[in-house]
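Engineer: Right, I'll just put the structure down here and ask away after.
Chains as they are written, first to last, in my numbering: chain A, -12 to 381; chain B, 14 to 151.
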């Protein structure tokens, strides 16, 4: 079987939403494509696969729109619909297509929010978050009328359940936020590049939904990211050290948290087991992790479920380890979404991009020493659809 | 600001009709005996379509909750702090709801709950909220 490598990447700097935006998401996707290919040392003519996450200029025909715009003939054209796990889902689908010989060079594009289509989307998001208020949606019938919508409250309900079953340590979670912010302060383009925080800053920030406070929640920003995957053969002329996708797992189970059998045992447990089995690695082999971090609690629950510590030991794990780029458990080394900013659907791609940077020795001043294996997660909805990826440097 | 009305479908109609009469009904699978919420046309346990409605007591315990101090959306500004909860009925299923008649600081996971039929919010549709169960006779 063929192998798939990530050979190119690019990322827009995070920008405040209030700064506005002048390009459409289609235009941003095109620029990301060209830049990622330039980074790889490949040409548009080499591309025969396209995977796209979240063009806001159309609801349908997204890959065709991109292929047409760039003049690409795609043998593989894909859209994933996995919320925050979309980019991670795109990456393994693209790698699988390459491994099976359906494509040789695949662009994975997540342009984030664009102009002007985001206005309609933003209005809907402000009212219902990612919940669906359309006829036929169970959320529209049974959740939204009660105020069960969006993300903050559902994640807070997971946190309350955790507190009841295992206990809670808001300072341990605040500490994680400060470590990620220190990583952001080493990352050009991060929205909080010049804004460190203290544990007390986090603990005194506004209570949003008990027990979750404002500084434990990602801030939406403009941005965008892209990567290029290539077969081993197609990767040969590429400029950078290739990074191989050696394991992946996906588990999609629920949209709403009240349906989850046990919210403290999220689907990432199964996804991570699959990824480690495919990679023939264990959590102790991992040198750097990029964990989907819509909330601080998401990181802790993911580390537990993925097997880095046992269920119920997550808070102690947060207290005992150093999550900065120079720490013993480097995590979200570009600041994660809590520190870089949440660039819409591109947020999850930021985790992938940072893992590739670390494994190809391109992380600059925040380079983790001896980074060979990286573990990356994507998380969509209310921890109901999750993807684990394991990358290996060359 | 008015809160969003439930968009009721044909499958869930018996549930909402029962709430209008201060009764709670839920689907149960005739093949695998599983209780089901939200209402469906196939059982998520066995795939069977032999689902029937049964009246239940509504006795519940609090599975989890949050106190939203910032409105979840502009529609709910008047309800802050929102006492959002997931109630676990004694038949085992969980329902999203809100708590009433309780101080936010007194909410405890595991506490016994009793149903409150809210006919006021929408008039023509009844919402199912919960309040703490009282230990003695009322």
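Every residue, glycine too, gets a C-beta built ideally from N, C-alpha and C.
What did DSSP end up calling residue 261 of chain A once you bin it into helix, strand or coil?
Structural biologist: Of the three classes helix, strand and coil, the one that applies to residue 261 of chain A here is helix, per DSSP.
Engineer: Just verifying my parser: in three-state terms, what is the DSSP assignment at residue 16 of chain B?
Structural biologist: Coil, per DSSP.
Engineer: At the 8 Å Cβ level, is residue 133 of chain A part of the contact set with chain B, yes or no?
Structural biologist: Yes, contact with chain B.
Engineer: Show which residues of chain A have a CB atom less than 8 Å away from the CB atom of residue 82 of chain B.
Structural biologist: By Cβ distance, chain A contributes 193, 194, 195, 196, 197.
Engineer: Verify the CB distance criterion: does residue 129 of chain A have a CB-CB separation below 8 Å to chain B?
Structural biologist: Output row for residue 129 of chain A: interface = yes.
Engineer: Residue 376 of chain A and residue 83 of chain A look like a contact to me (Cβ under 8 Å); what is the Cβ gap, rounded to whole Å?
Structural biologist: Not really, about 12 Å apart at Cβ, beyond 8 Å.
Engineer: I'd like to know whether the C-beta of residue 151 of chain B is nearer than 8 Å to at least one C-beta of chain A.
Structural biologist: The predicted model places residue 151 of chain B with a pLDDT of 43, which falls under 50 and marks its position as unreliable, so this point remains unresolved.
Engineer: Relative to the alpha-carbon of residue 145 of chain B, which residue among B:122, B:115, B:134, B:103 has its alpha-carbon at the smallest distance?
Structural biologist: When each option's Cα is compared against that of residue 145 of chain B, the closest is B:115.
Engineer: Roughly how many angstroms lie between the CA atoms of residue 318 of chain A and residue 133 of chain A, to the nearest whole one?
Structural biologist: Those two C-alpha atoms are separated by around 37 Å.
Engineer: Tell me which same chain residues have a C-beta within less than 7 Å of the C-beta of residue 59 of chain A, skipping the five on either side of it?
Structural biologist: Cβ neighbours of residue 59 of chain A beyond the five flanking positions: 31, 34, 37.
Engineer: Counting only beta-carbon atoms, is residue 20 of chain B nearer than 8 Å to chain A?
Structural biologist: True, the Cβ-Cβ gap to chain A drops below 8 Å.
Engineer: Using a cut-off of 9 Å between C-beta atoms, extract the partners of residue 139 of chain A located in chain B.
Structural biologist: Ordered by position in chain B, the residues that pass the 9 Å Cβ test against residue 139 of chain A are 79, 81, 83, 85.
Engineer: Would DSSP call residue 285 of chain A helix, strand or coil?
Structural biologist: Note: residue 285 of chain A maps to helix in three-state DSSP.
Engineer: What do you reckon, are the CB atoms on residue 195 of chain A and residue 325 of chain A nearer than 8 Å?
Structural biologist: No, the Cβ-Cβ distance between residue 195 of chain A and residue 325 of chain A is not below 8 Å.
Engineer: Which residue or residues does DSSP assign as beta-bridge partners of residue 41 of chain B?
Structural biologist: Residue 41 of chain B pairs with B:48, B:65.
Engineer: How is the beta strand (DSSP E) around residue 366 of chain A delimited, first residue to last?
Structural biologist: 360 to 367 is the extent of the beta strand (DSSP E) around residue 366 of chain A.
Engineer: Give, in chain order, every residue of the stretch 109 to 129 of chain A whose Cβ lies closer than 8 Å to some Cβ of chain B.
Structural biologist: So the list reads 113, 114, 115, 116, 120, 121, 122, 123, 124, 125, 127, 128, 129, given in the order they occur along the chain.
Engineer: Can you name, in chain order, every residue of its own chain whose Cβ lies under 8 Å from the Cβ of residue 16 of chain B, other than the five neighbours on each side?
Structural biologist: Here the set comprises 88, 89, 92, 134.
Engineer: Using a 10 Å radius around the Cβ and a threshold of 16 neighbouring Cβ atoms, would you call residue 125 of chain A buried or exposed?
Structural biologist: Buried is the call here.
Engineer: What does the alpha-carbon distance come out to for the pair residue 288 of chain A and residue 95 of chain A?
Structural biologist: Spanning the two alpha carbons is a distance of roughly 28 Å.
Engineer: Mind pulling the chain A residues with CB within less than 7 Å of residue 133 of chain B?
Structural biologist: None at all; the shortest Cβ gap to chain A is about 13 Å.
Engineer: In chain order, which alpha helix (DSSP H) runs of at least 4 residues are fully inside the stretch 195 to 238 of chain A?
Structural biologist: Whole alpha helix (DSSP H) segments, 4+ residues: 219 to 222.
Engineer: Could you name each continuous beta strand (DSSP E) segment of 3 residues or more that falls completely within the stretch 69 to 103 of chain A, going from the start of the chain to the end?
Structural biologist: As far as the stretch 69 to 103 of chain A is concerned, its whole beta strand (DSSP E) runs of at least 3 residues are 92 to 97.
Engineer: Mapping the DSSP letters down to three states, classify residue 86 of chain B as helix, strand or coil.
Structural biologist: Of the three classes helix, strand and coil, the one that applies to residue 86 of chain B here is coil, per DSSP.
Engineer: Can you tell me which of the three DSSP states residue 136 of chain A falls into?
Structural biologist: Residue 136 of chain A falls in the coil class under three-state DSSP.
Engineer: Between the C-alpha atoms of residue 349 of chain A and residue 135 of chain A, what's the straight-line distance to the nearest angstrom?
Structural biologist: When rounded, the distance between both Cα atoms is 43 Å.
Engineer: Who pairs with residue 30 of chain A in a beta bridge, going by DSSP?
Structural biologist: Residue 30 of chain A is not bridged to any residue.
Engineer: Of the residues A:-7, A:353, A:10, which one's Cα is nearest the Cα of residue 175 of chain A?
Structural biologist: That would be A:353, whose Cα lies nearest to the Cα of residue 175 of chain A.
Engineer: Need the endpoints of the beta strand (DSSP E) that residue 76 of chain B sits in, please.
Structural biologist: It spans 73 to 81 - the beta strand (DSSP E) in which residue 76 of chain B sits, taken as one unbroken run.
Engineer: Measuring straight from C-alpha to C-alpha, what distance separates residue 316 of chain A and residue 41 of chain A?
Structural biologist: The alpha-carbon atoms of residue 316 of chain A and residue 41 of chain A are separated by roughly 32 Å.
Engineer: Would you verify that the beta carbon of residue 136 of chain A is, or is not, closer than 8 Å to some beta carbon of chain B?
Structural biologist: Yes, contact with chain B.
Engineer: Measure the alpha-carbon distance for residue 184 of chain A versus residue 25 of chain A and round it to whole angstroms.
Structural biologist: In a straight line, the C-alpha of residue 184 of chain A is about 36 Å away from that of residue 25 of chain A.
Engineer: From the DSSP output, in three-state form, read off residue 290 of chain A for me.
Structural biologist: Reduced to three states, the DSSP call for residue 290 of chain A is helix.
Engineer: I need the DSSP call for residue 34 of chain B, collapsed to helix, strand or coil.
Structural biologist: Coil, per DSSP.
Engineer: Quick check on residue 111 of chain A: does DSSP put it in helix, strand or coil?
Structural biologist: Residue 111 of chain A: helix per DSSP, three-state reduction.
Engineer: Going by DSSP, what residues sit across from residue 65 of chain A in a beta bridge?
Structural biologist: According to DSSP, residue 65 of chain A bridges with A:38.
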